[in-house]
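Residue numbers 41 to 335, in the numbering used here, belong to the letters of the sequence shown in order.
A short worksheet on the structure shown next.
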Amino acid sequence: MAILRIFIADDQIPPSDVPEEEFRKSLIAKYGDTENRAFVEQCQFMREIVQDLRDRGYQVTVARKYRDAEKEISRGEFDLAIIDLGWYMDSSLRQDEMGSAGWSLCERLDKKDAQSGKRTPQIVFSSQFPKRPELSLMAAQRQKLPLFKEATDNVRNSLMAAIGFVEATLAAQQSASSTSSSHFDQELQNIALSLFKEPLQNYRQWASLTLFFVAISLALVVAGVAYGYAHSQPAAYVGAFSSLLGSAISALLFKQLRSAQAALESLRREVLKQLKEHASQVSNAAPRDPTFGHS
Numbered sequence: 041m042a043i044l045r046i047f048i049a050d051d052q053i054p055p056s057d058v059p060e061e062e063f064r065k066s067l068i069a070k071y072g073d074t075e076n077r078a079f080v081e082q083c084q085f086m087r088e089i090v091q092d093l094r095d096r097g098y099q100v101t102v103a104r105k106y107r108d109a110e111k112e113i114s115r116g117e118f119d120l121a122i123i124d125l126g127w128y129m130d131s132s133l134r135q136d137e138m139g140s141a142g143w144s145l146c147e148r149l150d151k152k153d154a155q156s157g158k159r160t161p162q163i164v165f166s167s168q169f170p171k172r173p174e175l176s177l178m179a180a181q182r183q184k185l186p187l188f189k190e191a192t193d194n195v196r197n198s199l200m201a202a203i204g205f206v207e208a209t210l211a212a213q214q215s216a217s218s219t220s221s222s223h224f225d226q227e228l229q230n231i232a233l234s235l236f237k238e239p240l241q242n243y244r245q246w247a248s249l250t251l252f253f254v255a256i257s258l259a260l261v262v263a264g265v266a267y268g269y270a271h272s273q274p275a276a277y278v279g280a281f282s283s284l285l286g287s288a289i290s291a292l293l294f295k296q297l298r299s300a301q302a303a304l305e306s307l308r309r310e311v312l313k314q315l316k317e318h319a320s321q322v323s324n325a326a327p328r329d330p331t332f333g334h335s
């Protein structure tokens, strides 16, 4: 399977070019080291999550600003999106937007999916779920996976398990699609070979007969001309005989070719019918996408 492309939109992800200790000190200076310790730990936790995913070989795209997240959604192609619900560190948003800005990003991704015809699984990652249980219900109703965000190993393991589930599901879909496609192509070949074998043989036979009769006609014409020249016979007799023979041959070939054409047309309709039946079977057998991918 191709490398899983993961999009993470979260304002708590530290800048990659800022050393860990420096970033931690700046947060403590801004938010305090007692009351907002959990907040500071979550930022460090998100840095570790991003690095862990990259170490596992995933292709990770990060957006730390809301506007950057909008741009990435518009131009990127992803297999999974992990979207933070609250964006309290993004000063470009209004105060009343910060707590629920993640929903807008989810909706933007939904609209893009609707236009492209694909479905991108989405995980709504938020520390608000325990205090506001209705948010988890809202996420589930919108067919997105709600996941509590906290700087603990349990949360880390839950997130990795969810990502692994998406990866395994996509791999199974690709494998089934490839198998179905290969089987379908083989069926097409078998149908074509079985249904068109006899009429194609008829065409080959009549093509050979056509060449044979044309060769006879030419031989008779040459012989007639030679005979007429040797015995001083009028060439008109030879021409009339040749024309009569040519007309008879043309009429015979035309009748047979029309019959073969009708047989091929009938078989063409039968092939189309069987192709539709096989396409329907392949479509019904294809696995469905993860249920939390689209609203």
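C-beta: ideal position from N, C-alpha, C; glycine also.
All values reported here derive from a predicted model rather than from experimental measurement.
(Q) By alpha-carbon positions, which one of Ala-121, Ala-179, Gly-126 and Tyr-106 ends up nearest to Arg-17? (A) The structure shown does not extend to residue 17, since the chain is modelled only from 41 through 335, so no value can be given for it.
Q | Candidates Leu-125, Ala-154, Asp-119 and Ala-191, of which the one nearest Arg-77 by Cα | A | Numbered from 1 along the sequence shown, position 37 holds the residue referred to as residue 77. Of Leu-125, Ala-154, Asp-119 and Ala-191, the residue nearest in Cα terms is Ala-191.
Q) According to DSSP, is Ile-89 helix, strand or coil? A) Sequence index remark: in the sequence shown, residue 89 carries index 49 (1-based). Helix.
Q | Residue span of the beta strand (DSSP E) that contains Ile-123, given as start and end | A | In the sequence shown, the residue the question calls residue 123 occupies position 83. It spans 120 to 124 - the beta strand (DSSP E) in which Ile-123 sits, taken as one unbroken run.
Q: Report buried or exposed for Leu-67, applying the criterion of at least 16 other Cβ atoms within 10 angstroms of its Cβ.
A: Indexing the sequence shown from 1 puts residue 67 at position 27. Classification for Leu-67: buried.
Q: Can you give me the start and stop residues for the beta strand (DSSP E) that Arg-45 sits inside?
A: Within the sequence shown, residue 45 is the residue found at index 5, counting from 1. Run containing Arg-45: 45 to 49, per the beta strand (DSSP E) assignment.
Q: Could you work out which residue in Pro-161, Met-129 and Asp-95 is closest to Ala-103 when comparing CA atoms only?
A: On the sequence shown, position 63 is the one that residue 103 refers to. With distances taken between Cα atoms, Ala-103 lies closest to Met-129.
Q | Segment contact flag, the segment 156 to 170 with the segment 107 to 123, C-beta cutoff 8 Å, min 3 pairs | A | Yes, since at least three Cβ pairs between the segment 156 to 170 and the segment 107 to 123 fall closer than 8 Å, the two stretches touch.
(Q) Quick check on Glu-112: buried or exposed, where buried means 16 or more other Cβ atoms within 10 Å of its Cβ? (A) For the purposes of this step, residue 112 is taken as residue 72 along the sequence shown, with counting starting at 1. The residue is buried, with at least 16 neighbouring Cβ atoms inside 10 Å.
Q: Pull up the distance between the alpha-carbon of Ala-202 and that of Lys-65, whole angstroms please.
A: Here residue 202 is taken as the residue at index 162 of the sequence shown, counted from 1. Here residue 65 is taken as the residue at index 25 of the sequence shown, counted from 1. Between Ala-202 and Lys-65, the alpha-carbon positions lie close to 32 Å from each other.
Q: Have a look at Asp-13 and Ile-123 and give me their C-alpha separation to the nearest angstrom.
A: Look at the range of the chain in this structure, 41 to 335, and you will see that residue 13 is not part of it.
Q) Among Leu-93, Lys-70 and Leu-175, which one has its Cα closest to the Cα of Arg-196? A) Mapped onto the sequence shown, residue 196 falls at position 156. Residue Leu-93 is the option with its Cα nearest to Arg-196.
Q. Gly-126: buried (16+ other C-beta within 10 angstroms of its C-beta) or exposed?
A. For the purposes of this step, residue 126 is identified with residue 86 of the sequence shown, where counting begins at 1. The residue in question, Gly-126, is buried, as its Cβ has 16 or more Cβ neighbours within 10 Å.
**Q.** Residues sharing a beta bridge with Ser-166, DSSP
**A.** In the sequence shown, the residue the question calls residue 166 occupies position 126. Ser-166 pairs with Phe-188.
Q) Would you call the CB atoms of Met-86 and Gln-52 closer than 8 Å? A) The residue labelled residue 86 in the question sits at position 46 within the sequence shown. The residue labelled residue 52 in the question sits at position 12 within the sequence shown. In contact: Met-86 and Gln-52 (Cβ atoms closer than 8 Å).
Q) Which whole-angstrom value is the C-beta distance of Leu-175 and Gln-168, which I expect to be below 8 Å? A) Sequence index remark: in the sequence shown, residue 175 carries index 135 (1-based). Sequence index remark: in the sequence shown, residue 168 carries index 128 (1-based). At roughly 6 Å, the Cβ-Cβ gap stays under 8 Å, so Leu-175 and Gln-168 are in contact.
Q. Grouping DSSP H, G and I as helix and E and B as strand, with all else coil, what is Ile-231?
A. In the sequence shown, the residue the question calls residue 231 occupies position 191. For Ile-231, the pLDDT reaches just 49, beneath the cut-off of 50, and the residue's location in the model is therefore unreliable, although a value from the coordinates is still provided. Helix, per DSSP.
Q | Neighbourhood of Val-206 by C-beta distance below 8 Å, restricted to the same chain and skipping five residues each side | A | Start at 1 with the first residue of the sequence shown, and residue 206 comes out as number 166. Excluding positions up to five away in sequence, the list reads Leu-44, Asp-119, Leu-120, Pro-161 and Pro-330.
Q.
Restricting to Cα atoms, I'd like to know which of Leu-177, Glu-62, Phe-165 and Ala-211 is closest to Ala-141.
A. To locate residue 141, count along the sequence shown from 1; it is residue 101. When only C-alpha atoms are compared, the closest one is Phe-165.
Q: State the DSSP-derived secondary structure class of Gln-82, mapped to helix, strand or coil.
A: By 1-based counting over the sequence shown, the position of residue 82 is 42. Of the three classes helix, strand and coil, the one that applies to Gln-82 here is helix, per DSSP.
**Q.** Bridge partner(s) assigned by DSSP for Val-100
**A.** Here residue 100 is taken as the residue at index 60 of the sequence shown, counted from 1. Ile-46, per the DSSP bridge assignment.
Q) Is DSSP giving Lys-70 helix, strand or coil here? A) Locating residue 70 in the sequence shown gives position 30, counting from the first residue. Looking at Lys-70 - three-state DSSP - the assignment turns out to be helix.
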